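Novice: Just dropping this structure here.
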Amino acid sequence: MVVFDKPHALNDMSMHYCPGCTHGIIHRLVAEVMDELGIEGRTIGIAPVGCSVMAYNYFNCDMIEAAHGRAPAVATGVKRADPENNIVFTYQGDGDLASIGMAETVHAAARNENITVIFVNNAIYGMTGGQMAPTSLPGQITQTSPYGRDVNHCGYPIRVCEMLSQLEGPEYLERVTVNSVKQVRNAKKAIKKAFQNQLDGKGFSLIEVVSSCPTNWGLTPQAALKWIDEKMLPYYPLGVYKDRSAGEEK
Amino acid sequence: MADKVLMKGNEAIAEAAIIAGCRHYFGYPITPQTEIAAYMAKKMPKIGGVFLQAESEIAAINMVYGVAAAGKRVMTSSSSPGISLKSEGLSYLAGSDLPALVVNVQRGGPGLGGIQPSQSDYFQATRGSGHGDYHMIVLAPSSVQEMAELTVKGFELADTYRMTSMILADGTMGQMMEPVSLDLEVKPAPEKPWATVGTKLQRKHNIVNSLSLVPEELEKFNFERYERYNYIKENEAMYEEYLMDDAEYAIAAFGITSRVAKNAINEARKQGIKVGMIRPITLWPFPVAPFKKAADKVKAIISVELSMGQMIDDVKLATECKVPVTLCNRVGGMIVSPEQVLEAIKAVAENGGAK
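Protein chains in written order, with the working numbering: chain A, 1 to 250; chain B, 251 to 605.
Pasting the structure below:
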């Protein structure tokens, strides 16, 4: 009897992510949702530039690698090329989505573009070796904020869900994390809803996943998961920031 | 032959794109090409197509990237400063071997420059414009009719060779009205088995991508791409020769300046100077053959350009500097006059082409 299996929507290969990195969990959740909704064959994923750049290898659905930050614009093109058939998601990190690609993010949300955005926020540029991100916490030490993020010098981290919730456009915005079994289950529920919304034609759904980067945070995988609770979540509270269809009859 | 209609150059591009089967247009307002967007905004919703005004030129070209990856004919249009912004996307389109049509209705630069006509994006267009080794097919219309015909041709070449075709026009070409026949022949788009349209669980997943971290692989992709470029150079160069049979002097000009030059040539001929013209229609691939031929028989070549001298480099390369090549130009939105070109012709004729 099979008690645990690889989702079909995930390719059978080893990933390049660091030990303790939560990208693997999030990939798996997205793949499980594709399996459960039976949409792998009509899904096109857009990979970012950053640690998850090679997500195009890992997901079994058709994949496109976008320029840094441009995934929501590319997703807009793919979705509008065949809105009846194509299920489109972007998978983006914080530098990609909230810094260089902020305009594309905001406008895709404002248009209520019928796509699903998986936003992985680990408060650091991982791939380039740990520089300050738009979501790095005040005082956070990184390669480019070696004395700690000085908010008087480089400003405050951006809370994406809160900011986007001010727009009329987006359908669904939720922040989740994956640092415990309970949170992983909750994250999956949110991701599934974000894809279901697209199937139902409801529009732009963004799930922000507060994640860990043990390598660049300089912590053990265990300590990094704890750091999420202690440092990240107070600044980035979990919850639903917008759900336009909440309370509607199913 | 079908009836002709009176159209602006920009509108002719838009209508021809629709005739060519393009149903997706993304753009951002910029003078002097906004009529293309306006035309698409009106037409596309009525024919089941998509017109979307993007938040930026960068977003527009990436929407183009998305539709191209999904296997459909798609275009954007802009003018010089906007093309600079799109250049990141143009590099990615090339790196991912995606077909698309991009229109540049040039205006004077650099920087914000002006809004009057220019040809000063020749280098940008023919040398790739973004980062990395790549080319675009660059088509230079000189009439509203050609604006339409080369748009269709641009889509076909893009699909055939999986690369970007650029229509390199200028403010005059975009704004001027001429009678145009829209009885255009269109070849259907080829099959695109590489497109990301969903696996239907019936094939391995397709990946549209420009990243290859293994140097040997990336080198191989570049070599392969340049093999394709070399084939295009051999087979797709287009040009028009005007009175070159007995010419002792030649003018090199494309787009609007070629029309000005024709007037000057006719006047010079009346005055007994045997001058002709080679008009490149494709700027990349540059039509080397007619220039090579001319290098063995003319005494001098004048490159007439609305730039500080950009195409002149390609003329010198094509002629291997066998004959003197001089520049006759205006810039900044000014246009060369027939009188100015005639003076340039007389100047080289007087000293027999000597430097």
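Cβ atoms here follow ideal geometry from the backbone N, Cα and C, with glycine treated the same way.
As the structure is a prediction and not an experimental result, all values here were calculated from the model.
#1: In chain order, what residues of the same chain lie with their CB nearer than 6 Å to the CB of B/MET488, ignoring the 5 residues before and after it?
#2: Please tell me whether B/TYR315 has its Cβ less than 8 Å away from any Cβ of chain A.
#3: Give me the subset of the stretch 23-51 of chain A whose CB atoms are less than 7 Å from a CB atom of chain B, sorted by chain position.
#4: Which residues mark the beginning and the end of the alpha helix (DSSP H) in which A/PRO72 is found?
#5: Nearest-angstrom Cα distance between B/ASP347 and B/THR576?
#6: Would you list the one or two residues that DSSP bridges to B/HIS274?
#7: Starting from B/LEU493, trace the beta strand (DSSP E) both ways and give me its first and last residue.
#8: Put A/LEU10 into one of helix, strand or coil per three-state DSSP.
#9: Going by the CB atoms, is the gap between A/PRO170 and A/GLY203 shorter than 8 Å?
#10: Check each residue of the stretch 57-68 of chain A: if its Cβ is closer than 8 Å to any Cβ of chain B, include it; give the result in chain order.
#11: Taking the C-alpha atoms as reference points, what is the distance between B/ARG475 and B/ALA320?
#12: Check whether the stretch 269-281 of chain B and the stretch 290-299 of chain B touch, using three or more Cβ-Cβ pairs below 8 Å as the test.
#13: Can you say whether A/GLN222 is buried or exposed, counting buried as having 16 or more other CB atoms within 10 angstroms of its CB?
#14: Give the DSSP-derived three-state secondary structure of B/GLN356 in the structure shown.
#15: Would you tell me roughly how many angstroms separate the C-alpha atoms of A/ALA109 and A/ASP94, rounded to the nearest one?
#16: Given a limit of 8 Å on CB to CB distance, which residues of the stretch 266-279 of chain B reach chain A?
#17: Which ranges would you report for the beta strand (DSSP E) in the stretch 571-599 of chain B if only whole runs of at least 3 residues count?
#18: Consider the Cβ of A/HIS107: report whether some Cβ of chain B lies at a distance smaller than 8 Å.
#19: When Cβ atoms are compared, which residues of the stretch 444-459 of chain B fall closer than 9 Å to chain A?
#20: Going by the DSSP bridge assignment, what does A/TYR125 pair with across the sheet?
#21: Run through chain B and tell me which residues come within less than 8 Å of A/VAL78, C-beta to C-beta.
#22: Measure from the C-beta of B/ALA609 to each C-beta in chain A and report whether the shortest distance is under 8 Å.
#23: Determine the extent of the beta strand (DSSP E) in which A/GLU208 is found, giving its start and end residues.
#24: Closest by CA to B/MET494, which one among B/VAL538, B/ALA390, B/ILE515, B/LYS470?
#25: Starting from A/TRP227 and walking both ways along the alpha helix (DSSP H), at which residues does that stretch end?
#26: Would you check if the distance between the CB atom of B/GLU261 and the CB atom of B/TYR289 is smaller than 8 Å?
#27: So does the stretch 224-233 of chain A actually touch the stretch 173-181 of chain A, counting three or more Cβ pairs closer than 8 Å?
#28: For A/VAL53, which residues in chain B fall below 7 Å Cβ to Cβ?
#29: I need the DSSP call for A/ASP96, collapsed to helix, strand or coil.
#30: For the stretch 521-528 of chain B and the stretch 499-513 of chain B, state whether three or more C-beta atom pairs, one from each stretch, are separated by less than 8 Å.
#31: Spell out the partners DSSP gives B/THR532 in its beta bridges.
#32: Let me know if B/PRO367 comes out buried or exposed under the rule of 16 or more other beta-carbons within 10 Å of its beta-carbon.
Specialist: Result, derived from the coordinates:
#1: Residue 488 of chain B sits at position 238 when you count from the first residue of the second sequence. ILE531, THR532.
#2: Locating residue 315 of chain B in the second sequence gives position 65, counting from the first residue. Yes, because at least one Cβ of chain A sits closer than 8 Å to the Cβ of B/TYR315.
#3: GLU40, GLY41, ARG42, THR43, ILE44
#4: Numbered from its first residue, the first sequence carries residue 72 of chain A at position 72. That run of the alpha helix (DSSP H) goes 71-81.
#5: The sequence position of residue 347 of chain B within the second sequence is 97, counting from 1. The sequence position of residue 576 of chain B within the second sequence is 326, counting from 1. Those two C-alpha atoms are separated by around 37 Å.
#6: Counted from its first residue, the second sequence places residue 274 of chain B at position 24. DSSP, once it has assigned bridges, lists B/VAL300, B/VAL324 as partnering B/HIS274.
#7: Here the question's residue 493 of chain B lines up with position 243 in the second sequence. No beta strand (DSSP E) holds B/LEU493; DSSP gives it neither H nor E.
#8: Translated into the one-based positions of the first sequence, residue 10 of chain A becomes position 10. Three-state DSSP puts A/LEU10 in a strand.
#9: Stepping through the first sequence from its first residue, residue 203 of chain A is reached at position 203. Stepping through the first sequence from its first residue, residue 170 of chain A is reached at position 170. Going by C-beta atoms, A/GLY203 is nearer than 8 Å to A/PRO170.
#10: ASN57, PHE59, ASN60, CYS61, ASP62, MET63, ILE64, GLU65, ALA66, ALA67
#11: Start at 1 with the first residue of the second sequence, and residue 475 of chain B comes out as number 225. Start at 1 with the first residue of the second sequence, and residue 320 of chain B comes out as number 70. Approximately 21 Å, taken between the alpha carbons.
#12: yes
#13: Here residue 222 of chain A refers to the residue found at position 222 when the first sequence is read from its first residue. Under this definition A/GLN222 is an exposed residue.
#14: Here the question's residue 356 of chain B lines up with position 106 in the second sequence. Strand.
#15: Residue 109 of chain A sits at position 109 when you count from the first residue of the first sequence. Residue 94 of chain A sits at position 94 when you count from the first residue of the first sequence. Their Cα atoms are separated by approximately 16 Å.
#16: HIS274, PHE276
#17: 575-579
#18: Against the first sequence, residue 107 of chain A aligns to sequence position 107. Taking Cβ atoms only, chain B reaches closer than 8 Å to A/HIS107, which makes this a yes.
#19: ALA445, THR446, VAL447, GLY448, THR449, LYS450, LEU451, GLN452, LYS454, HIS455, ASN456, ILE457, VAL458, ASN459
#20: Position 125 of the first sequence, counting from 1, holds the residue named residue 125 of chain A. DSSP output for A/TYR125 lists A/GLN131 as bridge partner(s).
#21: Numbered from its first residue, the first sequence carries residue 78 of chain A at position 78. What A/VAL78 touches in chain B: GLY316, VAL317, ALA319, ALA320, THR446.
#22: The structure shown has nothing for residue 609 of chain B, since chain B only spans 251 to 605.
#23: Here residue 208 of chain A refers to the residue found at position 208 of the first sequence. Element bounds for A/GLU208: 205-210.
#24: If you number the second sequence from 1, residue 494 of chain B lands on position 244. The shortest Cα separation from B/MET494 among B/VAL538, B/ALA390, B/ILE515, B/LYS470 belongs to B/ILE515.
#25: Locating residue 227 of chain A in the first sequence gives position 227, where the first residue counts as 1. Unbroken alpha helix (DSSP H) run through A/TRP227: 221-227.
#26: For the purposes of this step, residue 261 of chain B is taken as residue 11 along the second sequence, with counting starting at 1. For the purposes of this step, residue 289 of chain B is taken as residue 39 along the second sequence, with counting starting at 1. Taking 8 Å as the Cβ cut-off, B/GLU261 and B/TYR289 qualify as a contacting pair.
#27: yes
#28: Counting from 1 along the first sequence, the entry for residue 53 of chain A is found at position 53. Within 7 Å Cβ-Cβ: LEU461.
#29: The residue you call residue 96 of chain A lines up with position 96 of the first sequence. In this structure, A/ASP96 counts as helix in the three-state DSSP scheme.
#30: yes
#31: Locating residue 532 of chain B in the second sequence gives position 282, where the first residue counts as 1. According to DSSP, which records beta bridges pairwise, B/THR532 is partnered with B/LEU389.
#32: Sequence index remark: in the second sequence, residue 367 of chain B carries index 117 (1-based). Counting Cβ neighbours within 10 Å, B/PRO367 comes out buried, since at least 16 surround it.
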